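Participant:
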Amino acid sequence: MKGCHWPGWALLVWFLALPLHAAIVNPNHLYQETERLQQRLALLRQKAGLPAEIPQPGIQDNKLPIHLYIKAGEVHDYAAALQQARGLTPSAPLPLPDASVRPNMVMDPLQQIEQQLDSLLTASQIPLPSDEPEMPLGKSTNDVYRALWQLANGFDGLVPAAGNAQIIAALTQVQSGLAPLAKQLGKTLPTPSAEAASDKTPLDNNLVAYQCLHLMGRLLRQLNIEPTAPSHFPVGSISHQQVYDSALNLLAEVQKARASLGITDALPAAAPHQADDNQIYAQLGQLRATLLALL
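Following the numbering used here, the numbering of the sequence shown begins with 180 at its first residue and continues without gaps.
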């Protein structure tokens with residue numbers, strides 16, 4: 180059977196018509212998409228009379244596509260909360276990935292966020308941005324993560340920031356995700372014990388969260404999985420949003436381990452519920468004890 184030979188111009192047209200997710204996606208593409216989102220969020224902030232300047236996050240390092248995907252989920256949740264506040268049907272939460280995450284898998288939630296923001300702009304009778312951000316060069320996954328964090332900060336004043344309710348939901352998912360990892364090591368999870376805590380602050384909680392990240396790294400090495408080194412501990416005042424970011428990084432490590440081990444059953448969603456800083460500290464203490472028992 181003779182092969183089919185297309186003329187060069189036809190091949191070029193076909194290639195340009197490919198959807199983005201079918202082509203190679205790298206951090207430059209992801210960063211460009213975050214700039215599209217920043218354009219849209221800036222218009223919503225302007226309409227609400229909020230300052231154009233958005234607090235910059237600290238330096239981020241050692242981020243992988245799984246961290247980007249889960250951080251995009253946080254931004255997606257903020258956009259859904261704003262949709263609900265404006266009387267629109269909120270988008271369903273992003274599901275956790277059931278396989279190793281590649282950059283092209285991160286593009287999908289980013290484009291979903293763009294659709295969310297477009298619906299909000301249209302409902303507010305704000306024209307969609309017409310200028311296309313230029314394709315950047317030399318961007319890394321760390322740059323994309325930092326841009327996503329700034330996007331999350333950009334919802335400040337539009338919807339409530341993530342707090343203890345979201346932190347405890349993420350930690351509950353982390354705890355439930357450890358069971359198959361323990362089974363892989365031939366160990367059983369210890370029975371959780373209540374740990375009394377008082378006068379705790381976000382700083383106390385983030386310190387324990389970072390301890391858990393380091394312990395999680397040791398656990399992953401036992402499973403022959405390369406762990407992600409935690410970013411440098413942030414300086415200055417520690418907010419609940421920073422504790423939430425640490426909880427999401429713990430969740431990312433659990434998901435990475437599950438994908439590496441071929442565990443495809445979805446982690447059960449944990450509904451946010453109110454908690455104070457002392458309860459967060461106690462939950463983190465239980466997680467730390469669990470990780471120590473598995474080492």
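For each residue, glycine too, the CB sits at the ideal point set by N, CA and C.
This one's a predicted model, so the numbers in the text were calculated from it and none came from an experiment.
Identify which residue in D383, E374, G317 and A468 has its Cα closest to the Cα of Q354.
Facilitator: Of the candidates D383, E374, G317 and A468, the one whose C-alpha sits nearest the C-alpha of Q354 is A468.
Participant: Short check: CB of S309 to CB of L267, under 9 angstroms?
Facilitator: No; because the gap between Cβ atoms is not below 9 angstroms, this pair is not in contact.
Participant: Report buried or exposed for N403, applying the criterion of at least 16 other Cβ atoms within 10 angstroms of its Cβ.
Facilitator: Classification for N403: exposed.
Participant: Looking at the structure shown, is V338 part of a helix, part of a strand, or coil, going by DSSP?
Facilitator: Strand.
Participant: Under 9 angstroms between the Cβ atoms of L446 and Q465?
Facilitator: Against a cut-off of 9 angstroms, the Cβ pair of Q465 and L446 comes out as no contact.
Participant: Please name the residue in P409, E311 and Y257 whose C-alpha comes closest to that of A331.
Facilitator: Comparing Cα-Cα distances from A331 to each of P409, E311 and Y257, the minimum goes to Y257.
Participant: Runs of 3 residues minimum, wholly inside the region 290 to 364: which ones carry the beta strand (DSSP E) assignment?
Facilitator: Within the region 290 to 364, no complete beta strand (DSSP E) run reaches 3 residues.
Participant: How should R397 be labelled, buried or exposed, when 16 other C-beta atoms within 10 angstroms of its C-beta is the threshold for buried?
Facilitator: Exposed.
Participant: For L229 versus L337, is the C-beta distance shorter than 9 angstroms?
Facilitator: Yes, the pair counts as a contact, with Cβ atoms nearer than the cut-off.
Participant: Of all the options S279, V285 and I238, which has the alpha carbon lying nearest to the alpha carbon of I203?
Facilitator: That would be V285, whose Cα lies nearest to the Cα of I203.
Participant: Output needed for T380: all residues of its chain with C-beta closer than 7 angstroms, excluding positions within five of it in sequence on either side, in chain order.
Facilitator: So the list reads D456, once near-sequence residues are dropped.
Participant: Taking the alpha-carbon positions, what's the Q263 to P269 distance?
Facilitator: Their backbone Cα atoms lie some 5 angstroms apart in a straight line.
Participant: Taking only the alpha-carbon atoms, compute the straight-line gap between P413 and A388 and give it to the nearest angstrom.
Facilitator: If you take the alpha carbons of P413 and A388, they lie about 12 angstroms apart.
Participant: Excluding the 5 residues flanking V280 on each side, which residues of the same chain have their C-beta closer than 7 angstroms to its C-beta?
Facilitator: Excluding residues within five positions, the ones whose Cβ falls inside 7 angstroms are P244, I245 and Y248.
Participant: State the start and end residues of the unbroken alpha helix (DSSP H) segment that holds Q401.
Facilitator: Segment P381 to Q401, the alpha helix (DSSP H) holding Q401.
Participant: Hey, how far is the Cα of A189 from the Cα of A341?
Facilitator: Here A189 scores only 48 on pLDDT, less than 50, and its place in the model is too uncertain to base an answer on.
Participant: Classify S377 as buried or exposed, calling it buried when 16 or more other Cβ atoms lie within 10 Å of its own Cβ.
Facilitator: Under this definition S377 is an exposed residue.
Participant: Taking the beta carbon of T351 as the centre, do at least 16 other beta carbons fall within 10 Å, making it buried, or is it exposed?
Facilitator: It counts as buried.
Participant: For D322 and Y460, which I take to be in contact (beta-carbon distance under 8 angstroms), what is that distance rounded to the nearest angstrom?
Facilitator: Contact doesn't hold; Cβ gap of about 33 angstroms is too wide.
Participant: Please classify K318: is it buried, with 16 or more other beta-carbons within 10 angstroms of its beta-carbon, or exposed?
Facilitator: Flag for K318 reads buried.
Participant: So for H255, helix, strand or coil by DSSP?
Facilitator: Helix at H255.
Participant: Throw me the rounded Cβ distance for the G333 and L220 pair, which I believe falls under 8 angstroms.
Facilitator: That belief holds up - the Cβ atoms of G333 and L220 are roughly 5 angstroms apart, short of 8 angstroms.
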